[in-house]
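Presented below is the structure to which this report refers.
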Amino acid sequence: MASGDDWSKWNAMAAEFYNKVVKGVNADGQQLIDEAHVPSLSEKNDPKAFNSEKYPYPYLAILKDSALVNERIILLFFGENLIYNVDYRKKSRVYNVYFKNIGCFEYARSKLDSFPKLFNTFDGRMFQQKTIPSVALTSTRALPGPASSMPSLLERRFTKTVCKICAMPYCHAECLKAVKEQHNEFCAAKSCPPSREKALPVYPNTGLPPSKETVRITAFEQTNVVYVISTERSVNIAHFSILQEVMSKGRNAAKLEKVPACGQIVIHKTETQTVRAMVVNAEHPNEIFVVCIDFGNIEMVELGNLYECCDYLAGLKVYPVAVQLRGVPRRFMNPNVQDLLYELSMDMIFKIKYSKREFNFNKGLQIVQLIENEFHRNLNRFIKTMLTPVEPSVPVKGNKEDYFPHIYLPTGRKLQLVVMDNSFLKYGLIYCTTVDLAYEVTKMQRDLQDYGDNIAKCDSFATSQGELCVAKYQGKWCRGVFQELVGDGYPSILFLDYGNIVPVHIQDIRPYPPEFRFPVVTSELELIGLPTNLSDKQLIRLEEYFGVGTFVECDEVILNNDANNYSVRFDILKSILA
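Laid out in structure tokens, this is it:
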């Protein structure tokens, strides 16, 4: 060593710090600079390969911290039409997802905010220093460098949670449960298990999450029954993985040739998605009711949209769970509640609360309470308030018939309808609706009976012409409209769901509650080819064929725009009148 060298300011740790900065890592082993993209063989051969430095598109950096996070899941979550390219950095295990424009980027960020536990993202890119300043040295002596590189557990992304007896690593309780048999074997021998670079993805267990955990609504079946799924990150990733698996393997599925049996698992394809479904009712090839088990919604489909489901897809796990809302009655799904539940599905996060002692054994449903996670609003109380009808005060002006939306009949040939009323059959008019809407009218009638018998308190009611009311018809409460007011206490009431006009005493009339906003589904039809003058025998035979509640097969339905009604043709009409 030369006598003139000054070692007073020398620090051995400084060199190690500078070497780490040059390598791009900090003290915890995390990278400080962006890793250069390593092109694949296809990119090397393609002269138009994607270059992230040349095209500065807005992007998100998503960490691949699980085997379930892959490019297919990212494309399925954000949507292929929004993404310009997905660039994977193999060493740092980061996906750079480039979007086409800033609008697509902002939509992706808002979707990530709705699912905060799904992906681990980085907010920005570290500053890249192009040139590293040289360090001025006063001596040419070799300084002590950092220790030799050793395989770090953090770099290999192994967990630090291990068994104290056999040193088997595991991430959490679900991971340990998945390797239970192997763990018991190594613990009995007190030997260390062999190291593995890759592990097969293990889907988390299904079922209802613990109480006070967060969930999302995937579908709603009734006013008091909804389907929920946990917001836990592993469950969300597994759910998207299963949806992608069903979509990819269901493309080549064979069509069903015959009507499936009840309880059979099938593939239901639409224009936007391919999902698994279980058949719940299959009486007609064009009216097969299925429940989409990956979400929970019930659909009426045709045989041509159903495909065979292999045993592998049928055996994949199902994560949505049906629960019953505590204190919410089962009512008709009016449009107000339906719009509310549509907005809440898959968007808002709720905290679920329940006790295992509150279980509906008849339906096999857990009774729960859902509380909105951000503003702590009770969903059960909100839906119950919307469903419970309140008798309006008499001075309040009532609603007109245009308060209800109208659902019109389909036109065409060979349609099946249900006769709702035949009071004007001698004039060639009947009132009909479709089969599925007739069932909905029956459901709504149950709620009207409860309102008329238990909720409405006024003894009699009369209002102005054209306003809505609830009136008794053949011992049942039905929706009606005031048509003619006379002084004898029997105003004429037009019953919207049947089409007939009947005088009703004011003691059998109640104010109409605004909570019942069921659309008008009954339409007037004029019989084509019916003679003007009918004999008594012909009229009796017509009333027998077109009885109230009868299913009739019409040959053709035609819309009359001028008369605002329909014309219907029955080829069997000649044989009935003969």
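Residue numbering for the sequence shown follows the working numbering, starting at 8 and increasing by one per position. For each residue, glycine too, the CB sits at the ideal point set by N, CA and C. Being a predicted model, the structure only gives us computed values, none of them experimental.
Secondary structure of residue i, DSSP reduced to three states
i: Ser582; result: helix
i: Leu587; result: Within the shown structure, residues of the chain are numbered from 8 to 585, placing residue 587 beyond reach of any answer.
i: Leu310; result: helix
i: Pro521; result: coil
i: Gln545; result: helix
i: Asp569; result: coil
i: Phe227; result: strand
i: Pro176; result: strand
i: His512; result: coil
i: Asp428; result: strand
i: Gln271; result: coil
i: Ile535; result: coil
i: Glu398; result: coil
i: Val242; result: helix
i: Glu113; result: helix
i: Ser604; result: Outside the modelled stretch of the chain, which goes from 8 to 585, sits residue 604, for which no answer is possible.
i: Ile414; result: coil
i: Thr529; result: coil
i: Phe577; result: coil
i: Phe129; result: strand
i: Lys407; result: strand
i: Lys184; result: helix
i: Asn259; result: helix
i: Asn461; result: helix
Residue i, enclosing alpha helix (DSSP H) - first and last residue
i: Gln456; result: 442-457
i: Ala478; result: No alpha helix (DSSP H) holds Ala478; the beta strand (DSSP E) holding it covers 475-480.
i: Arg79; result: 78-85
i: Arg1; result: Since the first residue shown for the chain is 8 and the last is 585, residue 1 is missing from the structure and cannot be characterised.
i: Ala321; result: 318-321
i: Tyr434; result: No alpha helix (DSSP H) contains Tyr434, which DSSP labels as neither H nor E.
i: Glu278; result: Counting along the chain, Glu278 falls outside any alpha helix (DSSP H), and DSSP gives it neither H nor E.
i: Tyr349; result: 342-351
Among the options, the one whose alpha carbon lies nearest that of residue i
i: Lys107; options: Lys124, Leu475, Pro65; result: Pro65
i: Leu475; options: Asp504, Ser467, Ile535, Lys407; result: Lys407
i: Ile359; options: Glu533, Met427, Tyr95, Asn380; result: Asn380
i: Lys363; options: Phe357, Val375, Ser255, Ala329; result: Val375
i: Ile390; options: Gly506, Asn231, Val448; result: Asn231
i: Asn77; options: Lys187, Leu89, Phe502, Asn103; result: Asn103
i: Thr213; options: His275, His246, Ile224; result: His246
i: Glu533; options: Tyr505, Phe525, Asn571, Val527; result: Asn571
i: Asn88; options: Met427, Tyr105, Phe525, Ser99; result: Tyr105
i: Lys421; options: Leu125, Val325, Arg576; result: Arg576
i: Ile172; options: Ala195, Asn567, Pro217; result: Ala195
i: Arg223; options: Pro216, Ser237, Pro211; result: Ser237
i: Leu444; options: Thr539, Tyr573, Asp504; result: Asp504
i: Val528; options: Asn127, Ile81, Phe302, Asp428; result: Asp428
i: Leu537; options: Ser530, Leu549, Pro526, Phe366; result: Leu549
i: Gln331; options: Val442, Ala68, Ala115, Phe366; result: Phe366
i: Lys370; options: Leu351, Asn387, Ala329, Tyr361; result: Ala329
i: Glu306; options: His383, Ala284, Leu541, Gly459; result: Ala284
i: Gly311; options: Leu263, Ser467, Pro526; result: Leu263
i: Asn293; options: Gln280, Ile300, Ser499, Val308; result: Val308
Cβ distance (whole Å) where residue i is taken to contact residue j below 8 Å
i: Ser73; j: Ile244; result: 6 Å
i: Pro267; j: Val287; result: Pro267 to Val287, Cβ: 11 Å. No contact.
i: Arg337; j: Gln229; result: 6 Å
i: Phe502; j: Val493; result: Going by Cβ atoms, the distance from Phe502 to Val493 rounds to 18 Å, so no, they are not a contact pair.
i: Val297; j: Val253; result: At roughly 14 Å, the Cβ-Cβ gap does not stay under 8 Å, so Val297 and Val253 are not in contact.
i: Val101; j: Leu70; result: 6 Å
i: Pro217; j: Glu239; result: In fact, because the Cβ distance is near 10 Å, the residues do not count as touching under 8 Å.
i: Gly556; j: Val426; result: 7 Å
i: Asn385; j: Val335; result: Contact doesn't hold; Cβ gap of about 11 Å is too wide.
Endpoints, beta strand (DSSP E) assigned at residue i
i: Asn288; result: 281-291
i: Cys194; result: Segment 187-196 is the alpha helix (DSSP H) holding Cys194; no beta strand (DSSP E) there.
i: Glu294; result: 294-299
i: Ala329; result: 328-332
i: Asn367; result: 356-367
i: Tyr234; result: 232-237
i: Leu501; result: 499-502
i: Gln373; result: 372-379
i: Gln490; result: 483-491
Check: residue i C-beta below 7 Å from any heavy atom of the ligand FAD
i: His383; result: Absence of the ligand FAD from the depicted structure is noted, as is the absence of any ligand whatsoever, leaving it without description.
Three or more C-beta pairs closer than 8 Å, one from the region 407-415 and one from the region 543-551: is that the case here?
As far as the Cβ criterion goes, the region 407-415 does not touch the region 543-551, which means the pair count is below three.
Does the pairing of the region 473-491 with the region 514-522 give three or more beta-carbon distances under 8 Å?
The answer is yes - the region 514-522 touches the region 473-491, with three or more Cβ pairs under 8 Å.
Three CB pairs or more closer than 8 Å across the region 485-499 and the region 422-439
These segments do not touch.
Report yes or no: do three or more beta-carbon pairs, one from the region 341-351 and one from the region 318-331, lie closer than 8 Å?
These segments do not touch.
Three or more C-beta pairs closer than 8 Å, one from the region 255-275 and one from the region 391-399: is that the case here?
Touching, no, given that fewer than three Cβ pairs across the two stretches are closer than 8 Å.
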